[in-house]
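S.K.:
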Amino acid sequence: MAKGRHDYDAIVVGGGHNGLTTAGYLAKAGLKTLVLERRGIVGGASVTQEIRPGFRISTLSYVCSLLNPQVIEDLELERHGFEVLPMGGTMMIAADERELLLTPDLEQQQRAIAQYSNSDFAALQKFRALIGEAAGVVRGQWLREPPPLAGMRAADSAGVLQMGLDLRRTGAEARQMLVRTMVGSARQIIERTFTNDTVRLYHASNVVIGNFASLDAPASAMSMLRIGMMLGNNRPWGVAKGGMGAITQAMAAFLREKGGEIRTGAPVAKILVENGTALGVRLENGEEIRARIVAANTDPRRTFLGLVGEEHLPAEFAADLRGYRMGTASFKINLALKGLPRYGQDKSGVMSDRHRALVNLVDSWAGIDESYRNAAAGIPGNPVTVQMLIPSVFDDSLAPAGQHVASLACKYFPYDLAGGKSWNDLREEVGERILAWVERFVPGLKDLIVGRQFITPLDLEQEYGLSRGCIHHGRLDPDQVWNMRPHPDAAQYRTPIKNLYLCGSGAHPGGGVTGAPGHNAARRMLKDVRKRA
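Heads up, the sequence shown is in my numbering, so the first residue is 84 and it goes up one at a time.
(1) DSSP three-state label for tyrosine 584, please.
(2) I believe glutamine 470 touches leucine 441 by the beta-carbon criterion, under 8 Å. Please report the beta-carbon distance rounded to the nearest angstrom.
(3) Mind checking who leucine 420 pairs with in its DSSP beta bridge?
(4) Following a CB-centred definition, is glycine 127 positioned closer than 7 Å to any heavy atom of the ligand MG?
(5) Looking at tyrosine 285: is its Cβ nearer than 8 Å to the Cβ of histidine 602?
(6) Taking a contact to mean a Cβ-Cβ separation below 8 Å, would you say leucine 158 touches threonine 104 in this structure?
(7) Would valine 96 and isoleucine 376 be called neighbours here (beta carbons separated by less than 8 Å)?
(8) Output needed for valine 533: all residues of its chain with C-beta closer than 6 Å, excluding positions within five of it in sequence on either side, in chain order.
(9) Count the other C-beta atoms from every protein chain shown that fall within 10 angstroms of the C-beta of leucine 189, then say buried if there are 16 or more, exposed otherwise.
(10) Please report the Cβ distance between glycine 410 and phenylalanine 295, rounded to the nearest whole angstrom; I am assuming they are in contact, meaning their Cβ atoms lie under 8 Å.
(11) How big is the Cα-Cα spacing for asparagine 457 and arginine 181?
(12) DSSP three-state call for isoleucine 451: helix, strand or coil?
(13) Looking at arginine 607 and tyrosine 584, is the spacing between their C-beta atoms short of 8 Å?
(14) Report the option in Glu544, Gly595, Ala195 whose CA atom is closest to the CA atom of tyrosine 145.
(15) Could you check if asparagine 68 is buried or exposed, using at least 16 other CB atoms within 10 Å of its CB as the buried criterion?
(16) Determine the burial state of lysine 111: buried for a count of at least 16 other Cβ atoms within 10 Å of its Cβ, exposed for fewer.
(17) So leucine 444 and isoleucine 176 are supposed to be a Cβ contact under 8 Å. How far apart are they, rounded?
(18) In whole angstroms, what is the alpha-carbon distance linking alanine 212 and valine 220?
(19) Name, in chain order, the residues that DSSP records as bridge partners for glycine 363.
(20) Is the separation between the beta-carbon of leucine 482 and that of glycine 137 shorter than 8 Å?
(21) Apart from the five residues on each side of it in sequence, which residues of its chain come closer than 6 Å, Cβ to Cβ, to alanine 398?
(22) Name the one or two DSSP bridge partners that proline 169 has.
(23) Could you pull the DSSP bridge partners for tyrosine 91 from this structure?
(24) In chain order, which alpha helix (DSSP H) runs of at least 4 residues are fully inside the region 231-288?
(25) Short check: CB of methionine 307 to CB of leucine 149, under 8 Å?
(26) In angstroms, rounded to a whole number, what distance separates the CA positions of glycine 527 and valine 521?
(27) Tell me which residues share the same chain as serine 431 and place their Cβ nearer than 8 Å to its Cβ, disregarding the 5 neighbours each side in the sequence.
(28) Excluding five sequence neighbours on each side, which residues of the same chain lie with their C-beta closer than 8 Å to the C-beta of leucine 355?
(29) Tell me whether phenylalanine 204 sits in a helix, a strand or coil according to DSSP, three-state version.
(30) Taking all protein chains shown into account, decide if glycine 623 is buried (16 or more other Cβ within 10 angstroms of its Cβ) or exposed.
(31) What is the rounded straight-line gap between the Cα of glycine 359 and the Cα of proline 571?
(32) DSSP three-state label for isoleucine 310, please.
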């Protein structure tokens, strides 16, 4: 292909929700844009698929809680079919049969907590207010480009100044909460806030699901800020009608409407680089496609060490990327059910508030600690913590009449298994063990199963392109967020390779179905394109 010729203005590698977000903004601005997706469908981790004829489920991501309102508005997602069906709260069931269900109704919350504590309802209201206020400071930075650590110009300081203003408007206790969640342990905050063990375990179970760290580890409380984000998102959190794939299908529809193109079944083998500049991509079939700019929705390790290649990178940058920490692997189970499950002490089998909740099935504090230690040693989570959701309760289009689908997100699970074992060999064994464990909390579940899907950390890597099964494209630790994500030299969406940008969850502000990295990357790309025009 002749040098200097471009087939497209922009190529986006990876058709997950952030890639589609970036592509949507670029196409909206008039750039000839192509999205290349290795799988047969777009959506990445936000997809809806059949696991048995007539039974559809959100295969990986399963709750819509953090999708940015600005992205929803700018990409006209609601016009293209996006709708959130609000959920009914969160429930914890412990192995010793303790239960705590908290619905959005404050009077219900007070009655439920009063079974265990006279003071923890008031403590919960204060905690939510403080964590929501603290999260507001962070939320104010989500759609802002992080300032560079070196060579900061006056124009780069706007975000820092805004953060300063937000902090100034934040109360002293909320500022303290912000610091504690950024550097403190989840256990410290939970035990400092609540007095009753059941209430504490309820909150611990919520933290486990979004993290891969000991609850005693510094910064293990950072996932609490995500809870604060949901409290202040000004939109209901719940189930996307039609599954999480409805979000990415709406994004794809907007992109095509603006003239963008999507090619599925088009795995990228290499990002073409000459003299430190990205020129396009080479597909696995050998086809080369050139573009003025390239955005990678792949995780940083896969992008730089795989698609680009260390030979094109500064040596120190490549060494740092090799040390970039992943480690938020999960095991996911999706079920097709011929009837409605019964949770815990419920004997009726009749639809109730517990069926409309996210339900955390947890052993105990000691069990959480044991599970993390096992996973850190390469042993699949035992005892496992499971977050279970029945989305067909809200959306009857997902299953035949009177039948259901269920999503089980399971923690803690390692990517590397002890003794050189393979996930391909252990998939069925571990999946069956998890279902046997869940049966203790959901009696009769196995008799309802008519279809199932087990997804291991290795499947997350091989099928969905998530290196080491890391759902967040890298750990959300203090030294891997904001202007350190994924590296100080690639934290403003630009990279050391000219015309190559990051637009996935490995860029600020990180993982989750937010659309924020994709939005921010597109804004940076458009600024650079206009400067060169």
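Note that the Cβ used here is the ideal one computed from N, Cα and C, for glycine as well. In this text the structure is predicted, and so the values were computed from the model without any measurement.
M.R.: With the structure as the only source:
(1) strand
(2) 6 Å
(3) His487, Ile532
(4) Only the bare structure without any ligand can be found here, which leaves the ligand MG out of the picture.
(5) no
(6) yes
(7) no
(8) Ala419, Lys421
(9) exposed
(10) 5 Å
(11) 24 Å
(12) helix
(13) yes
(14) Gly595
(15) The requested residue 68 is not part of the displayed model; the chain covers only 84 to 616.
(16) buried
(17) 5 Å
(18) 13 Å
(19) Leu355, Arg373
(20) Here the sequence assigns alanine to residue 482, which means leucine is not the residue at that position. It is a contact, given that the beta carbons lie within the stated cut-off.
(21) none
(22) Gly321
(23) Ala374
(24) 241-252, 255-266, 269-276
(25) no
(26) 10 Å
(27) Arg425
(28) Ala361, Leu362, Gly363, Val364, Arg365, Glu371, Arg373
(29) helix
(30) One cannot answer for residue 623 here, as it falls past the ends of the chain, which runs 84 to 616.
(31) 18 Å
(32) helix
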